[in-house]
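Peer 1: Numbered according to mature numbering (1 follows the signal peptide of the UniProt record, and there is no 0), the sequence shown spans residues -21 to -1, 1 to 378. Glycine included, every Cβ here is placed at the ideal spot set by N, Cα and C. Because the structure is a prediction, the values reported are computed rather than measured.
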Amino acid sequence: MNFIKTLFLLFLCFVTHVSTAQNTIKLLTQQKEFIAGDTILLKFNANNEKNYQIYCSNSYGSTLLNSEINNDTIIFKIPTYVSNKSGIVNWKIVNDKNNISGQFKIIPKPKPVSLETYLGPPSIEAGSIDYTMLVVIPTDDLDNPLKKGTSVKVKYQFLKSERKTNVLTDNLIAFKKIYSPLKSGRMLVSSASLGLNSKEYSLNIMPAIGTDFKLFFKRNHKYADGNQITTFYTSIIKDKNKNVISDGSFVDFFITNKKGNMLKTAGTTINGIAYAKMIHPEFEDTWKVKAYITGISESDILKISYQKIINKFDVKFSDNNRTVKVGPLNSFMNQMIPDGLKVKLAIYKDEKLLNDIIKKSNDGFVYFKLNSNIYKNGNYTIKITAASVTETFEAKKLW
């Protein structure tokens, strides 16, 4: 009885071994590295006609492929959307209990057909501190970046200088930091790899921020006629490396007069010089002018004096003293003062200001009418001011 049991167990083991041997497949393809775009076939030796599936995955995704059988050889054809992309491909037979798996590598083609080139930022500041970065990606005709260590030549030209340097690709890209020179201007940059050249790129080397500067002025005359214009202008504003600052830099001009009142004008630079204008005051005054590039630089203080043009003027009353004629108003050469000079008439009653009437000169004269409906008959104090010169008439009777 024991003999029969032993014989039966031996028979079961033999059947199991034969069954396992019949279902075993073996990889025939020994090649572990392919070039992108190649036809890739994974071949297995099998002693059965069972349909197998293979699971493939790479950095782009994964897919499941069915087998083909040809004369006891199982063939898996890797599709082009996998074989055209460089990288590691892992595979595994999914319906085999022996867990057959492996991997192969797809490398890019050896010659590039394009250079993906990026340069940025496109403008940097002169002074050897700021820099731009050139990034180059040599790719084959299937858009695969070339292998690590591919040589890329970076070339750049600035003024009379031409330079070349070699960099190697790493993590798919080659890059080069290009630091700004001391001078401003335009730099030309290009790259080349394995006989393929990129297009030309332009890099603007901009001046740095301006340093402190001087202030000047010009005018037709020194008199406070309220008519002519004084022009303020800066010295040529440069950065710390003696580059003229960029056109269009905004400069504010602040003017403080004797009374502490402040005026403001502004201009933008052209070829490093900013211009601004201000009309002359209407009275004797001294200006202190200072210019700023906000938060960056400033000028020295410029002092300008204006002399008064009127020392005295005539005033005539008529029509019951209700018509006031001021003039003639003569300028520094006894010519009639230009039209537009402000003349103020202040009228008081019992030391209380009733009204200020302001008019502008025309042909050297100003006329005031004191309305009887507003100013009743009586005595008034009248003060007339032109170009900071005041004539006062006490107890002037209106009737």
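Compare the C-alpha of Arg301 against each of Tyr354, Phe55, Gly81, Leu167 and name the closest.
Peer 2: Taking the first residue of the sequence shown as 1, we reach residue 301 at position 322. Minimum Cα distance to Arg301 is reached at Tyr354.
Peer 1: Can you confirm whether the stretch 185 to 195 touches the stretch 209 to 226 when touching is taken to mean that 3 or more C-beta pairs between the two stretches lie within less than 8 Å?
Peer 2: yes
Peer 1: So, Lys84 versus Glu12, is the Cβ gap smaller than 8 Å?
Peer 2: Your numbering for residue 84 matches position 105 in the sequence shown. Your numbering for residue 12 matches position 33 in the sequence shown. A contact, by the Cβ cut-off of 8 Å.
Peer 1: Hey, how far is the Cα of Ala203 from the Cα of Trp266?
Peer 2: Looking up residue 203 in the sequence shown gives position 224. Looking up residue 266 in the sequence shown gives position 287. Distance between the alpha carbons of Ala203 and Trp266 is about 11 Å.
Peer 1: Is the stretch 20 to 30 close to the stretch 93 to 101, with three or more CB pairs under 8 Å?
Peer 2: no
Peer 1: Apart from the five residues on each side of it in sequence, which residues of its chain come closer than 8 Å, Cβ to Cβ, to Pro307?
Peer 2: Sequence index remark: in the sequence shown, residue 307 carries index 328 (1-based). Correct list, in chain order: Phe292, Asp293, Met315, Gly343, Phe344.
Peer 1: Excluding the 5 residues preceding and the 5 following Gly164 in the sequence, name in chain order all residues of the same chain whose CB lies nearer than 7 Å to its CB.
Peer 2: Numbered from 1 along the sequence shown, position 185 holds the residue referred to as residue 164. Cβ within range, chain order: Phe137, Leu138, Ile184.
Peer 1: Helix, strand or coil, according to DSSP, for Thr3 in the structure here?
Peer 2: Position 24 of the sequence shown, counting from 1, holds the residue named residue 3. Coil at Thr3, not helix or strand.
Peer 1: How big is the Cα-Cα spacing for Thr369 and Val305?
Peer 2: Sequence index remark: in the sequence shown, residue 369 carries index 390 (1-based). Sequence index remark: in the sequence shown, residue 305 carries index 326 (1-based). If I take the Cα positions, the gap works out to 12 Å.
Peer 1: By DSSP's criteria, Asn299 is part of a beta bridge. Which residues make up the other side?
Peer 2: In the sequence shown, counting from the first residue as 1, residue 299 sits at position 320. Under DSSP, Asn299 shares a beta bridge with no residue.
Peer 1: Rank Thr129, Gly66, Glu263 by C-alpha distance to the C-alpha of Ser310 and give the top, closest one.
Peer 2: Residue mapping note: residue 310 aligns to position 331 of the sequence shown, counting from 1. Nearest option by C-alpha distance: Glu263.
Peer 1: Would you give the residue range spanned by the beta strand (DSSP E) that Ser102 belongs to?
Peer 2: Locating residue 102 in the sequence shown gives position 123, where the first residue counts as 1. It spans 102 to 104 - the beta strand (DSSP E) in which Ser102 sits, taken as one unbroken run.
Peer 1: With a threshold of 16 other CB atoms inside 10 Å of the CB of Asp159, please say whether the residue is buried or exposed.
Peer 2: Position 180 of the sequence shown, counting from 1, holds the residue named residue 159. Strictly speaking, residue 159 in this sequence is Ser, with Asp absent from that position. Under this definition Ser159 is a buried residue.
Peer 1: Hey, how far is the Cα of Lys243 from the Cα of Tyr180?
Peer 2: Here residue 243 is taken as the residue at index 264 of the sequence shown, counted from 1. Here residue 180 is taken as the residue at index 201 of the sequence shown, counted from 1. Looking at the backbone, the Cα of Lys243 and that of Tyr180 are separated by about 43 Å.
Peer 1: Within a Cβ cutoff of 7 Å, which residues of the same chain sit near Phe(-8), ignoring the five residues on either side of it in sequence?
Peer 2: The sequence position of residue -8 within the sequence shown is 14, counting from 1. With a pLDDT of only 42 at Phe(-8), under the threshold of 50, the placement of this residue in the model should not be trusted; the figure read from the coordinates follows. Within the same chain, Phe(-8) has no close Cβ partners at all.
Peer 1: Residues bridged to Asn309 by DSSP?
Peer 2: To locate residue 309, count along the sequence shown from 1; it is residue 330. Beta-bridge pairing links Asn309 to Met315.
Peer 1: CB-CB under 6 Å to Lys328, same chain, minus the five flanking residues each way: which ones, in chain order?
Peer 2: Locating residue 328 in the sequence shown gives position 349, counting from the first residue. Same-chain partners within the cutoff: Tyr359.
Peer 1: Counting C-beta neighbours from all protein chains within 10 Å, is the total for Met257 16 or more, i.e. buried, or is it exposed?
Peer 2: The residue given as residue 257 occupies position 278 in the sequence shown. When all chains shown are included, Met257 counts as buried.
Peer 1: Taking Asp231 and Ala270 to be in contact with their CB atoms under 8 Å, please state how far apart those CB atoms are, rounded to whole angstroms.
Peer 2: The count along the sequence shown starts at 1 and reaches residue 231 at position 252. The count along the sequence shown starts at 1 and reaches residue 270 at position 291. Confirmed, Cβ separation roughly 7 Å.
Peer 1: Do you know offhand how far Thr371's Cα is from Lys348's?
Peer 2: Stepping through the sequence shown from its first residue, residue 371 is reached at position 392. Stepping through the sequence shown from its first residue, residue 348 is reached at position 369. Going from the Cα of Thr371 to the Cα of Lys348 covers about 17 Å.
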